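Inspection log for the structure reproduced underneath, given as structure tokens.
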Amino acid sequence: MLTERLNTRNYSLFEKLKSVDYFLILIIILIGAISVFAIYSTEKGEFSFYTKNHLIRLLVFFGMFLVLSFVRITFWYKNAYFFYAVCVSLLFITLFFGLMASGSRRWLDLYFLNLQPSEIMKIAIIVCFARYYHRIQTAEIQNYKFILVPLILLLIPCYLVLQQPDLGTSILIAGTGVIIIWLAGLNIKYFVYSALLLIVSLPFAVSLLKPYQKSRILTFFNPDRDPLGAGYQIIQSKIAIGSGGFFGKGFLKGTQSYLEFLPEKHTDFIFTLFSEEFGFIGSIMLLLLYILLIYRIISIGFYSKSFFSKLFCFGFASAIFLYIFVNISMVLGLLPIVGAPLPIMSYGGSSMLSIMLGLSIVMSCKIYSQDQISNY
Amino acid sequence: MQNRASSIEKSRLITRRVFMLAAAKLLLIGGITSRLYSLQISDREKYELLSDKNRIREWKTPPQRGFIVDHFNNILADNDRVFQVHLDLDQIKNFNEVIFKLKNILELSNNELKKIYREKERLKPWDTLVASDNLNWTQFSKLNLYLHELEGVKPVVSSSRFYPYKDSLVHVVGYVGAASQKDIERKDVIKENLVPGLKVGKSGIEYAKETQLIGRYGIKRYEVNSSGKRISQIDYIKETQGEKIKLTIDLEVQQLAQELLKGKAGSISAMDIYTGEIIAMASSPTYDPNKFTHGIGHKDWGEIRDDPLKPLVNKSIAGLYSPGSTFKPLVALAALEFGTIDPERPILCKGHKHPYELYGVKYHCWKKKGHGYMRLRNAIKQSCDIYFYEMARLLGVDRLAIIAKRYGLGSNILKDLYFDEKKGVVPNTFWKKNAIGKSWYLGETVINGIGQGYIQTTPLQLCLMTAQIANGGYKIKPHIIQDESINYESARLKIAKQFVNETADFSNDEKFLIDRDYKLYERLYRNPENIKFIKDAMFGSTNEQYGTSYKSRYDDIKYQFAGKTGTSQVKRITEEERKLDLDQSQIEYKNRDHALFIAFAPYKNPRYSISVLVEHGGSGSSGAAPLASKLIKKIIDRHSLREQIKKGSTSLA
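Protein sequence lines correspond, in order, to chains A and B.
Throughout, my numbering is defined as the position within the first sequence, counted from one, plus 9.
Throughout, my numbering is defined as the position within the second sequence, counted from one, plus 363.
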């Protein structure tokens, strides 16, 4: 314990409760409530399967969030690599024993839950990188040795997820990792170089994609290429959002979703449904809630003493932003459809679990903000 | 301390980068917001329209066909409710399976199955196939019971044409059948109204008056889901019925005419001699138009098509016959008008032993023993051929043709309604040169004088000819669709008007001896005495002893009519046959003479003309005149009823 001296102290329960970020909890509850109504609407105003499941998950994972919030932040610091290793192993196991659904192997059957390890990986990569960069000094960051290690740490899960195949999650994990590397302070030139490299290698990368992935990207550039096939989702989503207008069609009155023109309306296209029913005003309100959520997480980062906590909060906030941005841009037809859920809103246990887990670590950062984690 | 400094630097760096990132995030949020703005506010209308297009689907409902009624408002072509099965091909996943189930439920025959598969080949994958367009109630209710198992199968209550009087009017009214590609191309109104299973006119009035009859389709708007399933009805614009077409036909007269012809091949036509209204136009044999509505069966069609008596031909207007002796009044009229015969000049008919001879060719009278000395009136009355040979020779074919054409022979009468109408032939020297390329022989003029040879007329033309003689020699326009503006009084008035500024001298009016067009109700004669002479001779033919139709006469002045028989030869009679002198019943059916009769009634103040033709019916006096006699009685009995309706009394409707 010479290299890692943890400056910790004991907190009284009152202190802990006092430092809980109630504003953050309020935002989570608000978004959660909206999500229940949105899922309820996808079932045409019937309280049945999806709504029930969503509500149960929301309550269970919200409870989990509250409990895990009191786990000391040092726990996450200490177990960061272990957490990462567990997730990578789960991804491995998924590749061989995962449940097959619509052509990809993404889920592990845990009896009470079909776990999607790639979703948990989204959090694990942030924890892992936060831990990794916590120790490294600014001057050393530019060192090739310290560039290579995080790159490898990032590429392993990305590759595994891509093998499932799940392009969307893979991209989100990669994006999250790159953002954290950027936050950690890697020189801007590397980003410029790799961006150039990416553009140059794009045609080769495209040739490696699965046919359905290629078709999705091609249809993104021209949805009318195949209006009843691959372009259908984008076209219908745009129609739904556009026809919502300023005030929306009203709760439970979204014809596009009600009459089943909208695909995957309770998962990736939940924003479309919401936007159709609540219009421009509602969409902006929801966006504002998300902005508040992100803002709150960033401020907790600023508030935290340890670099680990800061990096985690900033990283997680950026990750959430990335998920939201990719999802909404996708349903607005600004990005190709790649399969990225909208945090909290979308139906899906693993996604919910992952977000709540991340939030609980953020809350832990807040509660134990005074914990110093020494560099050595 | 180095650690501390490094740590502070690290914190600064991350803070800087967080802000940079936040700025980038705000920029991206701005991008999303502007996209939302453009979709939901700028382009809102466009997407609303697209959304409506998504969720609202329209179905056309079949138009209601207009009724066809007779003069007394009896509905001749009605609409009946029918039950149908429609298959939406785009919603059927497994066609064979659905058809198999349908077959079991509806107990379809193999032929019907074949028809469905044939139809499917013809249709586009998103079309609607009418699997059966006339289910009975049991089938229909059974189908509704199993409907949940049959995706894409639609039970439909529709309306279809129904002809309550079956085969009595098929040649007049026509029939309907499924719209073919040709029909769709023929008329825009059919294309516009095209719905699965649409029936359109195929012949007669149904065909000719399609635009008026078809009506206008309705629209049912439904909200549908993405798989096209109807969720709720939003809107229903009801279909409209086509116009009612009122005919001049009198159903009872028509039915009697049709009945008189039962078992025979032939035609009966009757018209009002002043208004030109056709009150009956029967053709025999006939067939039931209801069979065509839902697609005629192979066997039924074969029977109709292959019948040697040709039921499909409307013999009144599309059957061409030599008029025979019914042409004689016109030949006599022409000779009188041109002054080529003195009606008091006697000509001797000596029978078969001494026939009429011209350039070595012999021409016989029909009467073996001969008529003896004949003057014109008697020659018409007793239909002496010898007299007419001589009269035609003196008149010449070209002059005869002028008068024949003027009285309605050789031209179309109802061509605008009946595309199958035939014009017939009124021969002259010019015609023969053109059509056959040979010069005219005088011998041909001679046989033309008794209505044989090249001359070809339709029964309706003969009816019109009779009408225009009977009404005193005035041009009328025959029609079969009611025209309220034409009635007896106005016709008489128009006839009278042309004489207001005329002198009574008719002797030298050359204007009436040339071939030209005549206006409606314009006088067709040069001298009215000539018309009177012909009418009087026809009176003699029916009402005086030795007249050819004396047996069919009425003594009651109310029914008394004047007529002219005709017996038209189908083939040339050889010398041997003449010697054998066979009775008509001993001759093979197809070689028997056609029986004809023309008449107008009542003789005093005539109102109607009639023409009867019975194919291979033997002599006109025995084969045709009795039928005419019966029909004339019916027509005259119904005359006052007809007038009442005409004058606006609808109590009989």
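Glycine residues also receive a C-beta, built at the ideal position from the N, C-alpha and C atoms.
All figures in this text were calculated on a predicted structure; none of them were measured in a lab.
- Taking 8 Å as the CB threshold, residue 388(B) lines the interface with chain A.
- Distance from the CA atom of residue 683(B) to the CA atom of residue 582(B), rounded to whole angstroms, is 47 Å.
- In the DSSP annotation of this structure, residue 349(A) is not part of any beta strand (DSSP E), being labelled neither H nor E.
- Neighbourhood of residue 400(B) in chain A, by CB distance below 8 Å: 289, in chain order.
- A Cβ-Cβ contact shorter than 8 Å links residue 104(A) with residue 114(A).
- The C-beta of residue 228(A) comes no closer than 8 Å to any C-beta of chain B.
- In terms of Cβ geometry, residue 409(B) and residue 194(A) do not form a close pair [threshold 8 Å].
- When secondary structure is reduced to three states using DSSP, residue 448(B) falls in the strand class.
- Under the Cβ distance rule, residue 384(B) counts among the residues neighbouring chain A, one pair being separated by less than 8 Å.
- For residue 316(A), there is no enclosing beta strand (DSSP E); the residue is part of the alpha helix (DSSP H) that begins and ends at 316–340.
- Considered as a whole, the region 14–41 of chain A harbours no complete run of any beta strand (DSSP E) with no fewer than 3 residues.
- By the 16-neighbour rule on beta-carbons within 10 angstroms, residue 321(A) is buried.
- The C-beta separation of residue 573(B) from residue 552(B) comes to about 7 Å, placing the pair in contact by the 8 Å criterion.
- By DSSP's assignment, residue 644(B) forms a beta bridge with 632(B).
- Here residue 151(A) is exposed, its C-beta having fewer than 16 other C-beta atoms within 10 Å.
- At least one CB of chain B lies nearer than 8 Å to the CB of residue 320(A).
- Three or more beta-carbon pairs separated by less than 8 Å link the region 958–978 of chain B to the region 823–834 of chain B, which places the two stretches in contact.
- Interface with chain B (8 Å Cβ-Cβ cutoff): residue 247(A) is included.
- When C-beta distances to chain B are compared with 8 Å, the residues of the region 293–311 of chain A below that value are 293, 296, 300, 303, 307, 310, 311, in chain order.
- Excluding five sequence positions before and after residue 225(A), the CB atoms of its chain that fall closer than 8 Å to its own CB belong to 239, 345, 346, 347, given in chain order.
- Judged by their CB atoms, residue 373(A) and residue 128(A) are not nearer to each other than the 8 Å cut-off.
- Contact annotation: in the region 134–168 of chain A, residues whose CB is within less than 8 Å of a CB in chain B are 146, 147, 148.
- A direct Cα-Cα distance of roughly 36 Å separates residue 885(B) from residue 605(B).
- Residue burial is scored here from C-beta neighbours: residue 89(A) has at least 16 other C-beta atoms within 10 angstroms and is therefore classed as buried.
- Note that the C-beta distance between residue 726(B) and residue 719(B) is below 8 Å.
- Rounded to whole angstroms, the separation of the alpha carbons of residue 383(B) and residue 222(A) is 32 Å.
- Interface criterion met: the Cβ of residue 404(B) is under 8 Å from a Cβ in chain A.
- Interface criterion not met: the Cβ of residue 585(B) is under 8 Å from no Cβ in chain A.
- Neighbours of residue 265(A) in chain B, taken as residues whose beta carbon is under 8 Å from its own, are 414, 417, 418 in chain order.
- In this structure, the CA atom of residue 213(A) is about 16 Å from the CA atom of residue 168(A).
- Bridge pairing for residue 146(A): absent [DSSP].
- The beta carbon of residue 213(A) sits no closer than 8 Å to any beta carbon of chain B.
- About 4 Å separates the beta carbon of residue 649(B) from that of residue 530(B), a gap short enough to meet the 8 Å contact definition.
- For residue 584(B), the beta-bridge partners assigned by DSSP are 421(B), 598(B).
- Taken atom to atom, the span from the alpha-carbon of residue 566(B) to that of residue 771(B) is near 24 Å.
- Proximity of residue 343(A) to chain B, defined by a Cβ-Cβ separation below 8 Å, is satisfied.
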